[in-house]
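Numbering (our numbering), first residue to last: 1 to 111.
Glycine is no exception: its CB is placed at the ideal position from the N, C-alpha and C atoms.
Next up, the structure:
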(Lines of atoms letter the chains of each structure in order from A and count residues from 1; the text may use other names and numbers.)
(Lines give C-alpha, C1' and ligand atoms only; values in the text may rest on other atoms or scores of the structure.)
Protein backbone atom coordinates (compact mmCIF):
# COMPACT_ATOMS: atom_id res chain seq x y z
CA UNK A 1 0.00 0.00 0.00
CA UNK A 2 1.15 3.47 -0.83
CA UNK A 3 0.74 6.05 1.96
CA UNK A 4 -2.22 8.29 1.16
CA UNK A 5 -4.06 5.54 -0.73
CA UNK A 6 -2.63 6.37 -4.19
CA UNK A 7 -1.57 3.87 -6.82
CA UNK A 8 2.13 3.15 -7.29
CA UNK A 9 3.71 5.01 -10.20
CA UNK A 10 4.44 2.15 -12.61
CA UNK A 11 6.96 4.18 -14.61
CA UNK A 12 8.88 4.92 -11.43
CA UNK A 13 8.75 1.26 -10.37
CA UNK A 14 10.05 0.17 -13.77
CA UNK A 15 12.89 2.71 -13.61
CA UNK A 16 13.84 1.49 -10.13
CA UNK A 17 13.76 -2.12 -11.29
CA UNK A 18 15.90 -1.29 -14.32
CA UNK A 19 18.46 0.55 -12.17
CA UNK A 20 18.63 -2.36 -9.72
CA UNK A 21 19.07 -4.77 -12.62
CA UNK A 22 21.96 -2.65 -13.93
CA UNK A 23 23.49 -2.46 -10.44
CA UNK A 24 23.17 -6.23 -10.11
CA UNK A 25 24.85 -6.83 -13.48
CA UNK A 26 27.68 -4.44 -12.53
CA UNK A 27 28.16 -6.20 -9.18
CA UNK A 28 28.24 -9.61 -10.90
CA UNK A 29 30.91 -8.34 -13.32
CA UNK A 30 32.96 -7.05 -10.39
CA UNK A 31 32.64 -10.43 -8.67
CA UNK A 32 33.84 -12.25 -11.78
CA UNK A 33 36.91 -9.98 -11.92
CA UNK A 34 37.76 -10.11 -8.20
CA UNK A 35 39.98 -12.90 -6.92
CA UNK A 36 39.94 -14.27 -3.37
CA UNK A 37 42.18 -16.87 -1.76
CA UNK A 38 41.70 -19.77 0.58
CA UNK A 39 44.40 -21.87 2.19
CA UNK A 40 44.87 -25.08 4.11
CA UNK A 41 47.64 -26.77 6.05
CA UNK A 42 48.95 -23.50 7.41
CA UNK A 43 49.43 -22.14 3.91
CA UNK A 44 50.91 -25.29 2.35
CA UNK A 45 48.08 -25.28 -0.20
CA UNK A 46 46.53 -22.08 -1.54
CA UNK A 47 43.59 -21.82 -3.92
CA UNK A 48 42.50 -18.70 -5.76
CA UNK A 49 38.94 -18.31 -7.03
CA UNK A 50 37.00 -15.46 -8.53
CA UNK A 51 34.22 -13.84 -6.55
CA UNK A 52 31.82 -15.85 -8.69
CA UNK A 53 33.50 -19.13 -7.64
CA UNK A 54 35.68 -19.96 -10.67
CA UNK A 55 38.94 -21.69 -9.68
CA UNK A 56 41.81 -19.62 -11.09
CA UNK A 57 44.91 -20.89 -9.34
CA UNK A 58 46.34 -23.53 -7.07
CA UNK A 59 49.72 -23.31 -5.32
CA UNK A 60 51.13 -26.36 -3.56
CA UNK A 61 54.20 -26.01 -1.37
CA UNK A 62 56.63 -28.88 -2.07
CA UNK A 63 56.56 -29.69 1.66
CA UNK A 64 52.93 -30.80 1.22
CA UNK A 65 53.87 -33.43 -1.37
CA UNK A 66 54.46 -36.89 0.02
CA UNK A 67 54.31 -39.61 -2.65
CA UNK A 68 53.37 -42.11 0.06
CA UNK A 69 50.40 -40.01 1.25
CA UNK A 70 48.50 -38.46 -1.63
CA UNK A 71 45.25 -38.58 0.34
CA UNK A 72 46.42 -35.87 2.73
CA UNK A 73 47.45 -33.68 -0.20
CA UNK A 74 44.04 -34.21 -1.82
CA UNK A 75 42.36 -33.27 1.47
CA UNK A 76 44.47 -30.11 1.72
CA UNK A 77 43.56 -29.16 -1.85
CA UNK A 78 39.86 -29.70 -1.18
CA UNK A 79 40.07 -27.67 2.04
CA UNK A 80 41.87 -24.80 0.32
CA UNK A 81 39.36 -24.69 -2.55
CA UNK A 82 36.47 -24.82 -0.07
CA UNK A 83 38.00 -21.99 1.98
CA UNK A 84 38.41 -19.92 -1.17
CA UNK A 85 34.80 -20.62 -2.18
CA UNK A 86 33.63 -19.64 1.32
CA UNK A 87 35.49 -16.35 0.92
CA UNK A 88 33.90 -15.89 -2.51
CA UNK A 89 30.43 -16.45 -1.01
CA UNK A 90 31.10 -13.85 1.67
CA UNK A 91 32.16 -11.44 -1.08
CA UNK A 92 28.98 -12.27 -3.01
CA UNK A 93 26.85 -11.54 0.06
CA UNK A 94 28.62 -8.23 0.58
CA UNK A 95 28.16 -7.19 -3.06
CA UNK A 96 24.81 -8.73 -3.92
CA UNK A 97 23.04 -8.86 -0.56
CA UNK A 98 22.00 -5.18 -0.49
CA UNK A 99 20.80 -5.43 -4.11
CA UNK A 100 18.67 -8.49 -3.38
CA UNK A 101 17.16 -6.78 -0.36
CA UNK A 102 16.37 -3.76 -2.52
CA UNK A 103 14.51 -5.89 -5.04
CA UNK A 104 12.47 -7.52 -2.30
CA UNK A 105 11.54 -4.16 -0.86
CA UNK A 106 9.96 -2.79 -4.02
CA UNK A 107 6.17 -2.63 -3.92
CA UNK A 108 4.49 -4.70 -6.57
CA UNK A 109 7.48 -7.00 -7.15
CA UNK A 110 7.31 -10.38 -5.48
CA UNK A 111 10.99 -11.28 -5.25
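Beta-carbon proximity of residue i to residue j, cut-off 8 Å
i, j, result
"residue 51", "residue 32", "yes"
"residue 49", "residue 88", "yes"
"residue 34", "residue 91", "yes"
Integer-rounded CB distance, given that residue j should sit under 8 Å from residue i
i, j, result
"residue 45", "residue 80", "4 Å"
"residue 84", "residue 41", "14 Å between Cβ atoms; not a contact."
Through-space distance from residue j to residue i, alpha-carbon basis
i, j, result
"residue 16", "residue 70", "54 Å"
"residue 30", "residue 47", "19 Å"
"residue 28", "residue 18", "15 Å"
"residue 68", "residue 43", "21 Å"
"residue 54", "residue 21", "23 Å"
"residue 13", "residue 86", "35 Å"
"residue 72", "residue 10", "59 Å"
"residue 26", "residue 93", "14 Å"
"residue 82", "residue 66", "22 Å"
Residues of its chain near residue i, where Cβ-Cβ distance is below 7 Å and the 5 sequence neighbours each way are ignored
i, result
"residue 76", "40, 41, 44, 45, 64"
Requested in this report: Determine contact between the segment 87-99 and the segment 55-73, defined as no fewer than three beta-carbon pairs at a distance below 8 Å.
Outcome: Segments in contact, no.
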